[in-house]
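Numbering (this note's numbering), first residue to last: 12 to 412. For glycine and all other residues, C-beta sits at the position ideal for the given N, C-alpha and C. Following: one structure in structure tokens, then a few remarks.
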């Protein structure tokens, strides 16, 4: 359903080129799958149990109280949810990816059995024709699966540290299963030349930046790491920590007071940093503001430290090494030299050797000198070849260029 909806919306855009169409379609399908896979995880991590109110003053939506976390917080539930969605869905998708090509292959074979003309020993290309067509989407499902997995590994790794291990195991198995699937079930695909992986690169880069924010907020607000750290730093130990996280309330303010027993209790406790004053009056305690400030400070420090590490890693491990950059510049110099030499020879052949000395000077320049002349001082190279350029502007290109 998501794919059909994305294709319909993309068709309505009337994009000019096939590359723009593919990028737009890819982005739409990924965003829809992003919501499908990550919506419940984002809800548990950042919304569940955050706006529930307190006894006597609960926050209600359409007359119903909000869902609350366990007394220990939502981190454990978040980890379980991540494990089920990541491991469970990946296992199911792997089974479906392996079974569907074989089922389609058998269906094509069975469909051709009923035809009248049957070849006893069919040629290899006839056998290949009975295999599954690679389709117009190509490797799109494989890209989508890996990018979604990358999101699980990076966006929520603080809540489920075993995610990279499960991803590694899945990828090792799927690499061999996909190899067998492409060799035995699909027709040989028609290769297409492309510049890069398209919009997938921008999606991966955005996921990496989003993961810094989400992991910082998970550690600061979803887990109890910061409250424990603040309490230990203030008191020097973790004694009475649990009692410090509880607030007292008068049971008389409950909507449904408990049944009276032999114990004459008037006060009870609930999780939260509240200070009971009198009657039905509550205020946030000083611990609440101290912990909130520490959480916000941790998020700022965490994000800046990780961003700094990313900058250092990108600088230390560039996309293009210095040796490769020099080889590319050398190749450009050789090509420019060849073009200049061919143009000089054509000029000499057609109009006489009037500019031979200028061309010889340009062609004899070293790679560094030519690079400096071409990129560092444009006026210099313009002066060197100003007579030559004027003579060749009106000449037709050679037949072999």
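In this structure, residue 82 sits near residue 282, with a CB-CB distance shorter than 8 Å. In the DSSP annotation of this structure, the continuous segment of the alpha helix (DSSP H) that includes residue 217 starts and ends at 210-228. CA-to-CA, the gap between residue 88 and residue 177 works out to about 18 Å. The Cβ atoms of residue 60 and residue 235 lie no closer than 8 Å to each other.
Per DSSP, the beta-bridge partners of residue 278 are 261.
Between residue 227 and residue 221, the alpha-carbon positions lie close to 10 Å from each other.
In this structure the stretch 46-61 does not lie against the stretch 20-35, because fewer than three pairs of beta carbons, one per stretch, are closer than 8 Å.
By the Cβ-count criterion, residue 260 is buried, with 16 or more other Cβ atoms from all chains shown falling within 10 Å of its own Cβ. The DSSP-derived three-state label of residue 17 is helix. For residue 284, there is no enclosing alpha helix (DSSP H), since its DSSP letter is neither H nor E.
Across the structure, residue 309 and residue 231 are spaced so that their CA atoms are roughly 7 Å apart. Taken through DSSP and simplified to helix, strand or coil, residue 72 comes out as strand.
Just measuring C-alpha positions, the residue of 77, 26, 148 sitting nearest residue 14 is 148.
Nearest Cα to residue 40 within the set 105, 66, 156: 156.
Closest in alpha carbon position to residue 166, among 137, 217, 138, is 217. Residue pairing by DSSP puts residue 65 in a beta bridge opposite 68. The straight-line gap separating the alpha-carbon atoms of residue 187 and residue 202 is approximately 21 Å. DSSP places residue 24 within a helical segment (H, G or I) once states are collapsed to three. Non-local C-beta neighbours of residue 70 in its own chain, meaning closer than 8 Å and more than five positions away in sequence, comprise 62, 63, 64, 76, 77, ordered along the chain. Put simply, the backbone Cα of residue 115 is about 28 Å away from that of residue 21.
Pairing residue 246 with residue 252, the inter-Cα distance amounts to about 10 Å. Residue 178 sits in a helix when the DSSP states are folded into three classes. For residue 200, the closest alpha carbon among the candidates 144, 173, 175 is that of 144. Secondary structure note for residue 314: its alpha helix (DSSP H) is the uninterrupted segment 297-327. Ranked by Cα distance from residue 106, the first of 25, 333, 335, 184 is 184.
Relative to residue 136, the option among 212, 198, 224, 225 whose CA is nearest is 198. For residue 81, the three-state secondary structure derived from DSSP is strand. By the 16-neighbour rule on beta-carbons within 10 angstroms, residue 50 is exposed. Pairing residue 285 with residue 258 gives a Cβ-Cβ distance under 8 Å. Comparing C-alpha distances from residue 211 to each of 152, 190, 169, 104 shows the shortest one belongs to 152.
Leaving aside the five residues that flank residue 209 on each side, the residues in its chain whose CB is nearer than 8 Å to its CB run, in chain order, 30, 33, 34, 37. Out of 170, 97, 73, 23, the CA that lies nearest to the CA of residue 45 is found in 97. Taken atom to atom, the span from the alpha-carbon of residue 345 to that of residue 134 is near 49 Å. For the pair residue 323 and residue 238, the CB atoms are not nearer than the 8 Å cut-off. Rounded to the nearest whole angstrom, the CA to CA distance from residue 72 to residue 168 is 32 Å.
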